[in-house]
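Data first, discussion second: the structure below is written as structure tokens.
4 protein chains.
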Amino acid sequence: MAADIPPAETQPAETQPAETQPAGTQPTKAPPAASRSAKPLRADAARNRAKVLDAARDVFAELGTGASTEEVARRAGVGIGTVFRHFPTKESLLEAVLGEILAGFAEQAKARTGAADPGGAFFDFFQLVVGESATKNAVSAELAGAGIDIAAGRADVRQELRGALGVLLTRAQEAGVVRADVGLGEVLALLAGTSQAAGKLDVATRARVLDVVFDGLRSQPS
Amino acid sequence: MAADIPPAETQPAETQPAETQPAGTQPTKAPPAASRSAKPLRADAARNRAKVLDAARDVFAELGTGASTEEVARRAGVGIGTVFRHFPTKESLLEAVLGEILAGFAEQAKARTGAADPGGAFFDFFQLVVGESATKNAVSAELAGAGIDIAAGRADVRQELRGALGVLLTRAQEAGVVRADVGLGEVLALLAGTSQAAGKLDVATRARVLDVVFDGLRSQPS
Amino acid sequence: MAADIPPAETQPAETQPAETQPAGTQPTKAPPAASRSAKPLRADAARNRAKVLDAARDVFAELGTGASTEEVARRAGVGIGTVFRHFPTKESLLEAVLGEILAGFAEQAKARTGAADPGGAFFDFFQLVVGESATKNAVSAELAGAGIDIAAGRADVRQELRGALGVLLTRAQEAGVVRADVGLGEVLALLAGTSQAAGKLDVATRARVLDVVFDGLRSQPS
Amino acid sequence: MAADIPPAETQPAETQPAETQPAGTQPTKAPPAASRSAKPLRADAARNRAKVLDAARDVFAELGTGASTEEVARRAGVGIGTVFRHFPTKESLLEAVLGEILAGFAEQAKARTGAADPGGAFFDFFQLVVGESATKNAVSAELAGAGIDIAAGRADVRQELRGALGVLLTRAQEAGVVRADVGLGEVLALLAGTSQAAGKLDVATRARVLDVVFDGLRSQPS
DNA sequence: TATGAATGAGCGTTCATTCAT
DNA sequence: CATGAATGAACGCTCATTCAT
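Chains as they are written, first to last, in UniProt numbering: chain A, 1 to 222; chain B, 1 to 222; chain C, 1 to 222; chain D, 1 to 222.
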């Protein structure tokens, strides 16, 4: 029974401790990942880029990835040309949005890699992701769906996420909290599937779904 | 803990189990939509309807729901006008495809409602759905995603599925194989999520993911 | 001096004998070159195809090949979709227009291959082409310019034209009227160049330019 | 015959031969457009103007006049704003490029006006122009095509060229080398047409084409 | 003055849907 | 009824031109 091992800090999370401060401390700060092409980017340009990215996230979450680029421009309050200046392709825009979300998750995962309670850290992170996805529906669908292919350009971010999540998983397994016969692939699939499903569930049902998945992931007391 | 949250509103769904009406014995046959307008439909017209529906299933599974209606017509070997005669809207075509899939699942579920081994029946059905979805990728995405909204017109089929699955679930719970604190809503969500995720997984990983979910669903031995 | 060899029938051609009946007896008749894909093409579809082709010729001649496809549709009195149904690409439309012109020329050339006066036939044809190009300006520019590359799909038509013109040339050379040291390539280049230049010349100047070129092409009396 | 049509209006063009003003000794230098607005133009500004003009010539020759202004800026190593500061319109940039080319030709023509061998000078110049155009394809297309209209603003340069070429022609005719019944208009047309055609010809063919045209232009020995 | 970010009209093209054949 | 040609709104994207920095 799941109740045996008190998943205290992770389970009752629908009181949303982590969700209060969303992944990615500043949603879209000025010099976004200066690592890419060393272009400092003028102040106003950076501001516009952020506006577009934010609008894109909202629009795609709300209307699906089929939403028009014009709608993104409108919502961002810029001309269509501006959107295409920053993201020369609709695909690249989608990629950037997804990349940002993944980066946020990677950050959260990394922040937990050294946690004193490895099991708690693992389940906490899992729940955080599912919770966020529930809000940003369509985008999370992309995460699980075509997104995973679309974000080809963000291989780096994905690797980061995989790396950090891998650490979380291994430590939880070493601590005997998570069963030893699952790998990163299984966890990612469960994460994606659960996130996807969580989108249209009420909080209570979501909690129970998570409870099932978590129980399945836990080491059998046997 | 999740265990003490009564899944009240989702559970009672199986209060209306299997509908009396046999609902489409052969997946793609003559007048399955008899529920809407009692038009007998000339033999060749019915044949065309079936051809279109089959083609649509293939096309959308292969190319995604963004595939053009023309492509469906081409694949079905009929004119575009014929497609629109039978399904006046692309959405209605999508709905019909999804409805057919759901009907197939409902049938499978019903076939297992009287099984001697209730637990086996339940997990067997779950696995069957996930396996099928893994092949028909795009459609399964629809199942889990927009599909759930799109199939609004097929409330009857959905009810049938819910009914039969409800029976399967209840019996498995009564047999003590499936934990008592999950309801139909949770199971459907897990089914959808797992199906969705299964699409891009190799068989071995898929098996392991299912194993986790099944373990989570099982009554804890404790 | 050009006057020596009376180029009578060809020279005074500004009295336009040939131009009265333009190349291609019926400008764009219904089943356009049934040789291509054996599709009979419904009556109204053929009519529209012709309307589009005619409009395209006019529009491109008037506004240059940069003219918008919408303008062609407008001028043809059809929807934009109709243009694209018949010519799935702007390039294919350009190609078709050019192809039609070339086909007309090929036809004219062939009609003269058996002429009793080989020299007259050759110069007559040359003049005809230049005269037509003078009217259909921009398109002729294409003929001479990028057109020659653009019409890649109409290699057959070009071969036909080259073949017939080759006959005309050879016979004129055998008759001792055209100098022996020029080949098809030179003649085509002169044809293209002269056509191109003729576009913005008044009739008198055009006649004198042709006179110069013809004199250059004639066998030196020496 | 063409011979008896006096080319009256075209011939008189050489009544205003070579302008007194030396007109741009080095193709791309400081204030050649001094004719328009007597702005001395700061040294660096002049340098930028020249860089842009050079880049534009290359870009348009290489990519056609459809090439983007951004590409010109990039190639010139300046910002897009700078291009538009010097040439407020793409058309004006095209005009300037063409003007420069024409100015170069005018210069070459003037340099030959006093040649000891008037016939040689004339044909030499003709060949030079055709040869240059063969390399700078797209621009030569402009010369012969829209260019003739586009360069409306450079009437001065065109007059210069016409003047000098008029002198070349008249002297060659007076020397009995070029037939007397052609005027400036005819020669310019032949020049344009031949240049245009030369673009896509191999050297040997080009030579033969020129040979034909030159023979046509020569006084018949008879 | 030079820069390059912003703008938006316009383009080629697609596709769900309608309607004459 | 079936057909497929016609339609036109909408989309992704480009580029000449403007304007804040």
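All C-beta atoms, glycine included, are put in the ideal place defined by N, C-alpha and C.
- Rounded to whole angstroms, the separation of the alpha carbons of Ala106 of chain D and Ala198 of chain D is 20 Å.
- Distance from the CA of Ala172 of chain C to the CA of Pro118 of chain C, rounded to the nearest whole angstrom, comes to 5 Å.
- According to the DSSP secondary-structure assignment, Arg218 of chain D is paired through a beta bridge with D:Val178.
- Secondary structure at Leu201 of chain C: coil, using DSSP grouped into helix, strand and coil.
- Shown here, Asp117 of chain C sits in coil according to DSSP, grouped into three states, outside any helix or strand.
- At a cut-off of 8 Å, the C-beta of Gln159 of chain A has no neighbouring C-beta in chain B.
- Interface annotation, Gln196 of chain A: in contact with chain B, CB-CB separation under 8 Å.
- By the C-beta criterion, the stretch 201–210 of chain A is judged not to be in contact with the stretch 200–213 of chain B, since fewer than 3 inter-stretch pairs fall below 8 Å.
- Between Gly216 of chain B and the set A:Ser219, A:Arg218, A:Val212, the nearest pair of CA atoms involves A:Val212.
- Separation of Asp181 of chain B and Arg162 of chain B (C-alpha to C-alpha, rounded to the nearest whole angstrom) is 17 Å.
- Boundaries of the alpha helix (DSSP H) harbouring Ala56 of chain B: 43–63, taken from the DSSP string.
- In the structure shown, Lys110 of chain B adopts helical secondary structure according to DSSP, grouped into three states.
- For Gly81 of chain B, the uninterrupted alpha helix (DSSP H) run begins and ends at 80–86, by DSSP.
- By the 16-neighbour rule on beta-carbons within 10 angstroms, Gly99 of chain C is buried.
- Taking 8 Å as the upper bound for CB-CB distance, Gln127 of chain B and Leu191 of chain B are not in contact here, some 10 Å apart.
- Judged by DSSP in its simplified three-state form, Ala134 of chain A adopts helix.
- Listed along chain A, the residues sitting closer than 7 Å to Ala189 of chain B by beta-carbon distance are Ala197, Leu201, Thr205, Val209.
- Arg85 of chain B and Ser68 of chain B have their C-alpha atoms roughly 16 Å apart.
- For Thr194 of chain A, the secondary structure class from DSSP, reduced to helix, strand or coil, is helix.
- A Cβ-Cβ distance of about 5 Å is found for the pair Ala56 of chain B and Val72 of chain B, placing them in contact under the 8 Å criterion.
- Sequence-distant Cβ neighbours of Leu168 of chain A in its own chain, meaning closer than 7 Å and more than five residues away, are Ala109, Arg112, Thr113, Ala121, Phe122, Phe125.
- Of all residues in the stretch 120–131 of chain D, none places a beta-carbon less than 7 Å from a beta-carbon of chain C.
- Sequence-distant partners of Lys136 of chain D (beyond 5 residues in either direction) whose C-beta falls short of 6 Å from its own C-beta, in its chain, are Ala61.
- In terms of Cβ geometry, Gly193 of chain C and Gly193 of chain D form a close pair [threshold 8 Å].
- Spanning the alpha carbons of Ala76 of chain B and Leu188 of chain B requires a straight line of approximately 32 Å.
- Chain B has a Cβ within less than 8 Å of the Cβ of Glu186 of chain A.
- Cβ contact annotation for Arg49 of chain B (same chain, cutoff 6 Å, sequence separation greater than five): His86, in chain order.
- Its chain contains Gly119, Phe122, Leu169, Ala172, Leu217, Arg218, Ser219 as the residues whose beta carbon lies nearer than 8 Å to that of Val178 of chain A, once the 5 sequence neighbours on both sides are disregarded; these appear in chain order.
- Following the DSSP letters along the chain, one finds Arg154 of chain A in no alpha helix (DSSP H), marked with neither H nor E.
- The contact set of Gly193 of chain B on chain A, defined by CB atoms closer than 7 Å, consists of Gly193, Thr194, Gln196, Ala197 in chain order.
- Looking at the backbone, the Cα of Gly79 of chain B and that of Val52 of chain B are separated by about 10 Å.
- A distance of 8 Å or more separates the beta carbons of Val97 of chain C and Ser195 of chain C.
- Distance check between Asp156 of chain B and each of B:Asp54, B:Leu102, B:Gly183 places B:Leu102 closest, using alpha-carbon atoms only.
- Close CB contacts of Glu160 of chain C within its chain, under the 7 Å cut and outside five residues either way in sequence, are with Ala106 (chain order).
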